[in-house]
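Novice: Sharing a structure here in structure tokens format.
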Amino acid sequence: MQVKEICRYPVKSMAGESLHRVHIDKLGLADDRKVLVCDANGRVLTSRTHHKLLGFKGSLGADGQPHIDGHLWNAPEALALVRGAAGPAANLIYYEGPERFDVLPLLVATDGGIDAFGHDGRRLRPNIVVGGVEGLAERSWPGKCLRIGKVLIGVQDLRGRCVMTTFDPDTLEQNHHVLKEIVQKFDGELALNCYVIHGGEIHVGDAVQLLGDHECEMNRASH
């Protein structure tokens, strides 16, 4: 198995960017989901309720700051775009705490799982796609660990999927049948909620090793 894709989402609920390499720490990929869209009361707004946010691209600029469709995240142009999609009271905030993640800091998918899904893998919004995986083997991974070089990733459980999967990543056209298929074929769960045991840098093409329960526990204890 190997790292097939790395995806970062500098702005939560927006389209992300593909990377060749990235540093990973306890809070996942560096600079992932650090800008949030909030309402007037500070509640986080996502594309579950404001799907037009998916039409904007979040990226990390040469200045090291998140950008929205090429505009610095805190620029008036970026705010205008967001308010057009999420309402006139929407605001953008920069936040580095763990609460910015819906479940865990890392979402891992596999090429076998995506093939079985039968739709664009971007609908699943993974951070890492592991290649060389046969069929739905990922469903036996919870409780185990993935080693990528010096990086050790714990697999907690399967990710329950939501309405975000029903929107085409390019056209934003909605297809409710996608989520119905996930429920019917995969019990509503696809890809893996993961956490970082030991960080470091990973690259596309790096070998991925699946560690069994006992070996995983030994490595977890050493970190």
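In the numbering used here, the protein residues as written are 589 to 811. Just so it is clear, CB atoms sit at the ideal spot from N, CA and C, and this is done for glycine as well.
Compare the C-alpha of K732 against each of H655, G649, G800 and name the closest.
Specialist: It is G800.
Novice: Between D745, G737, E722, L767, which lies nearest to W729 when the distance is taken from Cα to Cα?
Specialist: Looking only at D745, G737, E722, L767, the smallest Cα-Cα distance to W729 is reached by D745.
Novice: Using a Cβ-Cβ distance under 9 Å, would A668 count as near chain D?
Specialist: The question asks about chain D, but that chain is absent: this structure has only one protein chain.
Novice: So, at 6 Å on beta carbons, what are the nonlocal neighbours of V718 in its own chain, with the 5 sequence-adjacent residues on each side left out?
Specialist: Here the set comprises M589, T698, V796.
Novice: I need the DSSP call for R735, collapsed to helix, strand or coil.
Specialist: strand
Novice: Since I believe W661 is in contact with L680 (beta carbons under 8 Å), could you give me their beta-carbon distance rounded to a whole number of angstroms?
Specialist: 6 Å
Novice: Note down, one range per segment and in chain order, each alpha helix (DSSP H) of at least 4 residues found wholly within the segment 696-747.
Specialist: Runs of the alpha helix (DSSP H) inside the segment 696-747: 699-705.
Novice: Look up Q772 in the DSSP assignment and say whether it is helix, strand or coil.
Specialist: helix
Novice: Please go through the same chain and pick out, in chain order, the residues whose beta-carbon is closer than 7 Å to the beta-carbon of G723, but skip the five residues on each side of it.
Specialist: G700, A704
Novice: Answer with buried or exposed for L760, where buried requires no fewer than 16 other C-beta atoms within 10 angstroms of its C-beta.
Specialist: exposed
Novice: For the segment 784-791 against the segment 632-646, do three or more pairs of beta-carbon atoms, one drawn from each stretch, fall closer than 8 Å, so that the two count as touching?
Specialist: no
Novice: Would R688 pass as a contact of R749 if the rule is Cβ separation under 9 Å?
Specialist: Taking 9 Å as the cut-off, the Cβ atoms of R688 and R749 do not count as close.
Novice: Rounded to the nearest angstrom, what separates L624 and F755 at their Cα positions?
Specialist: 20 Å
Novice: Note down, one range per segment and in chain order, each beta strand (DSSP E) of at least 3 residues found wholly within the segment 599-635.
Specialist: If only uninterrupted beta strand (DSSP E) runs of at least 3 residues are considered, those enclosed by the segment 599-635 are 605-607, 609-613, 623-626.
Novice: By Cβ distance, which residues of its chain are closer than 6 Å to A650, with the 5 residues on each side in sequence left out?
Specialist: none
Novice: Would you grab the beta carbon distance between L778 and V696 for me? Rounded to a whole angstrom, and I think it's under 8 Å.
Specialist: Not quite, the Cβ-Cβ distance comes to about 11 Å (not below 8 Å), so this is no contact.
Novice: Just to confirm my understanding: we take V691, look at its own chain, exclude 5 residues before and 5 after, and list those with CB closer than 6 Å. What are they?
Specialist: N781
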